[in-house]
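Below: the structure, in structure tokens.
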Amino acid sequence: MLQRFLKAPLVSAFLRQNRFYASAPVACEDDPVDLGHNPFEKDARKCVLCRHKIKLDYKNSRLLQQFVSNFSGRVYERHLSGLCEAQHQKVCRIIALSRKAGYMPILVKDPKYMRDPRLFDPMKPLKPHSYA
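Last residue of the sequence shown: number 132 in full-length UniProt numbering, and the count goes up by one each step with no gaps.
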């Protein structure tokens, strides 16, 4: 008896209508707008080599000298050069290979590259060093 009552056209239409309104979300003007992304999120910073897709070569000593200190001949750390970890390790390996092959001096920076434009300023690090 109850099933016949529920199948009646008027009752079934009423039940469908109530289910529809119960499951539909209620939109209000005061609800927050979903943009899909955060407008205040900063762009991901890429290192110089990744940004310009530069391929490193041990024979390109002019580029490799940019990452070497003028005074000590040591490779600048990541917080000074702004390189990502993968590129920094690659630069260190390629500088060592270039020095072994005789393309770069070991203790100092080559004087003919002293006036090249700098890729970064070692006196103004991008991130503070933890030991400073």
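Heads up, the beta-carbon is just placed ideally off N, CA and C, and yes, glycines get one too.
None of these values were measured; they are calculated from a predicted model.
Ranges of the beta strand (DSSP E) found wholly within the region 45-117, counting only runs of at least 3: none
Pick from ARG93, LYS109 and TYR76 that is closest to PRO125, judged by C-alpha positions: One-based indexing of the sequence shown puts residue 125 at position 125. Out of ARG93, LYS109 and TYR76, TYR76 has the C-alpha closest to the C-alpha of PRO125.
Stretch-stretch touch, CB-based, cutoff 8 Å, three pairs: the region 77-94 with the region 103-117: no
Cβ neighbour criterion (16 or more within 10 Å) applied to LYS127: Within the sequence shown, residue 127 is the residue found at index 127, counting from 1. By the neighbour-count rule (16 or more Cβ atoms within 10 Å), LYS127 is not buried but exposed.
C-beta atoms of MET123 and ASN70 nearer than 8 Å: As a working mapping, residue 123 is identified with position 123 in the sequence shown. As a working mapping, residue 70 is identified with position 70 in the sequence shown. It is not a contact, given that the beta carbons lie outside the stated cut-off.
For PHE20, the three-state DSSP class (helix, strand or coil): In the sequence shown, counting from the first residue as 1, residue 20 sits at position 20. Confidence at PHE20 is low in this model, with a pLDDT of 48, below 50, so the placement of that residue is unreliable and no value is reported for it.
Cα-Cα separation between PHE120 and CYS28, rounded to whole angstroms: In the sequence shown, the residue the question calls residue 120 occupies position 120. In the sequence shown, the residue the question calls residue 28 occupies position 28. Computed Cα separation, rounded: 51 Å.
Under 8 Å between C-beta atoms of ILE95 and LEU64: As a position in the sequence shown, residue 95 is number 95, starting the count at 1. As a position in the sequence shown, residue 64 is number 64, starting the count at 1. Closer than 8 Å, so yes.
Own chain partners of HIS129 with C-beta closer than 6 Å, once the 5 adjacent residues on each side are dropped: In the sequence shown, counting from the first residue as 1, residue 129 sits at position 129. Answer for HIS129: HIS79, listed in chain order.
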